[in-house]
Amino acid sequence: MDISVVVPLFNEEESLPELAAWIKRVMDENQFSYEIMMIDDGSRDDSWKVIQKLQQENPLIKGIKFRRNYGKSAALYCGFEAVQGDVVITMDADLQDSPDEIPELYRMIQKDGYDLVSGWKKKRHDPVLTKNLPSKLYNWTVRRMSGIKLHDMNCGLKAYRKNVIKSIEVYGEMHRYIPVLAKWAGYKKIGEKVVVHAERKYGVTKFGLERFVRGPLDLLSVMFISRFVKRPMHFFGVLGAIIFIIGFLSAGYLGVQKLILLSRGITGHLVTDSPYFYIALTSMIIGAQFFMGGFLGELVSRSSSERNKYQIEERTFE
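Counting from 273, one number per residue, gives the positions in the sequence shown under our numbering.
As structure tokens, this is what we get:
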């Protein structure tokens with residue numbers, strides 16, 4: 273199979289028929305073998321009924337329905353698990369991503385040898401203050417921290433070589449950082465393509481202001497996971513050892529200073545009267561705790577078996 277199109281969605285009943293017809297037209301014109309995987313992330317409207325009807329009209333459309341809303345990362349994870357195409361295209365269901373971009377994205381993966389190609393919505397049709405400016409700041413920060421030179425890290429329109437999406441694990445809110453996860457999984461050829469960004473035709477955006485808080489926290493998480501998930505002792509152990517050594521040397525300095533004064537017959541104040549003694553003692557305790565935290569993290573690293581289990585209510589395929 274040439275292409276799998278993964279479409280996560282939440283309350284998008286109006287746009288689905290138009291999107292499905294658009295994708296089919298592009299695939300037929302280019303004679304691609306394909307499948308369309310629609311993941312209903314617990315919609316409260318009739319999105320699932322629309323998906324079932326669309327599959328009756330086009331058997332190449334497949335659907336997964338979550339029992340409740342888990343988020344875009346969960347939808348992508350389950351979609352990635354199920355698809356079979358050599359090239360996997362992700363796009364949002366709101367018609368702001370154009371299926372007409374699919375042939376060129378496919379060519380860049382298959383002919384130019386890219387592992388991942390991310391869309392760049394160079395001209396955006398979003399509110400400036402609530403979306404455009406925060407997006408620019410977010411992308412600048414991610415570029416600096418990850419070293420990946422993409423202008424639009426969070427664009428929903430992306431293309432992947434099949435083994436890329438089968439090699440990474442998307443959970444929580446990590447869909448924003450799939451290029452970072454791919455890079456740390458060893459896929460270095462990551463490209464970018466300017467894509468058309470249309471105005472939303474139906475409904476309203478499903479992303480609120482909370483993403484401004486979650487985004488930076490998720491970035492810190494993915495950077496830590498990418499670097500230290502297999503070796504938490506390298507982070508916590510080193511940090512704990514440094515803090516412990518600073519505290520130990522500080523306490524030693526106070527002790528030596530006291531001994532020198534006693535050797536000169538000067539009684540002076542008790543070591544415990546100095547506030548620096550308690551700072552040094554606290555540093556040693558914190559350092560020891562970090563060290564033990566790293567040791568315990570080493571034992572339980574990646575041991576959660578429930579992280580990517582979701583309640584799927586219904587499927588339209590086996």
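For every residue, glycine included, the Cβ atom is placed at its ideal position computed from N, Cα and C.
Cβ distance (whole Å) where D594 is taken to contact S370 below 8 Å: Summary: the structure shown does not reach residue 594, with the chain confined to residues 273 through 590, and so no result is reported for it.
Relative to the C-alpha of I420, which candidate in M309, L429, I437, I450 has its C-alpha closest? Taking the first residue of the sequence shown as 1, we reach residue 420 at position 148. The shortest C-alpha separation from I420 is found at I450.
By the DSSP assignment, the beta strand (DSSP E) with S439 in it spans what residues? As a working note, residue 439 is residue 167 in the sequence shown. No beta strand (DSSP E) contains S439, which DSSP labels as neither H nor E.
Comparing alpha-carbon positions, which option in G444, M273, A292 lies nearest V279? By 1-based counting over the sequence shown, the position of residue 279 is 7. Ranking G444, M273, A292 by Cα distance to V279 puts A292 first.
Given a threshold of 16 other Cβ atoms within 10 Å of its Cβ, counted over all protein chains shown, does I551 qualify as buried or as exposed? Taking the sequence shown and counting its residues from 1, the one referred to as residue 551 is at position 279. Classification of I551: exposed, given that the 10 Å Cβ count is below 16.
Have a look at S305 and P375 and give me their C-alpha separation to the nearest angstrom. What you label residue 305 is simply residue 33 of the sequence shown in a count that begins at 1. What you label residue 375 is simply residue 103 of the sequence shown in a count that begins at 1. Straight-line Cα distance between these residues: approximately 12 Å.
Kindly confirm or deny that the region 295–312 and the region 334–341 touch, where touching means at least three C-beta pairs closer than 8 Å. yes
Backbone secondary structure at M380 - three-state DSSP: Here residue 380 is taken as the residue at index 108 of the sequence shown, counted from 1. The answer is helix: DSSP assigns M380 an H, G or I state.
Residue environment, H469, which counts as buried when at least 16 other CB atoms sit within 10 Å: Position 197 of the sequence shown, counted from the first residue, corresponds to residue 469. Buried.
Could you work out which residue in Q368, L348, V442 is closest to S276 when comparing CA atoms only? To locate residue 276, count along the sequence shown from 1; it is residue 4. When each option's Cα is compared against that of S276, the closest is L348.
Rounded to the nearest angstrom, what separates F562 and I518 at their Cα positions? Taking the first residue of the sequence shown as position 1, residue 562 is located at position 290. Taking the first residue of the sequence shown as position 1, residue 518 is located at position 246. Cα-Cα distance, rounded: 14 Å.
Taking the straight line between their C-alpha atoms, what separation do you get for D313 and E284? Residue numbering aside, residue 313 sits at position 41 when the sequence shown is read from its first letter. Residue numbering aside, residue 284 sits at position 12 when the sequence shown is read from its first letter. One C-alpha to the other measures close to 10 Å.
Does any C-beta atom of chain D lie closer than 9 Å to the C-beta of Y349? In the displayed structure, chain D is absent; only one protein chain is listed.
Sort out for me which residues DSSP pairs D364 with in a bridge. Your numbering for residue 364 matches position 92 in the sequence shown. DSSP, once it has assigned bridges, lists no residue as partnering D364.
Reduced DSSP secondary structure (H/G/I, E/B, other) of E585: Here the question's residue 585 lines up with position 313 in the sequence shown. Three-state DSSP puts E585 in a strand.
Leaving aside the five residues before and after Y459 along the sequence, list all residues of the same chain whose C-beta is less than 7 Å from its C-beta, in chain order. Mapped onto the sequence shown, residue 459 falls at position 187. For Y459, where only same-chain residues beyond five positions count, the Cβ hits under 7 Å are D387, L388, V436.
Can you tell me whether L599 is helix, strand or coil according to DSSP? Within the shown structure, residues of the chain are numbered from 273 to 590, placing residue 599 beyond reach of any answer.
So E307 is in the beta strand (DSSP E); what residue range does that whole segment cover? As a first step, residue 307 must be located in the sequence shown, where it is residue number 35. 306–312 is the span of the beta strand (DSSP E), which, as asked, contains E307.
Figure out for me which residue from Y432, S287, F549, V467 has the closest Cα to the Cα of D317. Position 45 of the sequence shown, counting from 1, holds the residue named residue 317. Measuring from the Cα of D317, the nearest candidate turns out to be S287.
Straight-line Cα distance separating A346 from V442: For the purposes of this step, residue 442 is taken as residue 170 along the sequence shown, with counting starting at 1. For the purposes of this step, residue 346 is taken as residue 74 along the sequence shown, with counting starting at 1. Approximately 7 Å, taken between the alpha carbons.
Nearest-angstrom Cα distance between S439 and E464? Numbered from its first residue, the sequence shown carries residue 439 at position 167. Numbered from its first residue, the sequence shown carries residue 464 at position 192. If you take the alpha carbons of S439 and E464, they lie about 20 Å apart.
Please classify M363: is it buried, with 16 or more other beta-carbons within 10 angstroms of its beta-carbon, or exposed? Here residue 363 corresponds to residue number 91 of the sequence shown, with the count starting at 1. Looking at its Cβ environment, which holds 16 or more other Cβ atoms inside 10 Å, M363 is buried.
Continuous alpha helix (DSSP H) assignments of at least 4 residues falling wholly in the region 329–375: 344–354
Would you grab the beta carbon distance between E290 and L367 for me? Rounded to a whole angstrom, and I think it's under 8 Å. Along the sequence shown, one-based indexing puts residue 290 at 18. Along the sequence shown, one-based indexing puts residue 367 at 95. E290 to L367, Cβ: 6 Å. Contact.
Taking all protein chains shown into account, decide if V360 is buried (16 or more other Cβ within 10 angstroms of its Cβ) or exposed. Stepping through the sequence shown from its first residue, residue 360 is reached at position 88. When all chains shown are included, V360 counts as buried.
Bounding residues of the alpha helix (DSSP H) (the contiguous stretch that carries G519): Walking along the sequence shown from the start, residue 519 turns up at place 247. Counting along the chain, the alpha helix (DSSP H) containing G519 begins and ends at 510–535.
Near Y342, what residues of its chain come up, given a Cβ to Cβ distance below 8 Å and the 5 sequence neighbours on each side ignored? For this step, residue 342 is matched to residue 70 along the sequence shown. Around Y342: D313, G314, Y582.
Where does the unbroken beta strand (DSSP E) through E464 begin, and where does it stop? As a first step, residue 464 must be located in the sequence shown, where it is residue number 192. Taken as a continuous stretch (DSSP letters only), the beta strand (DSSP E) holding E464 covers 462–466.
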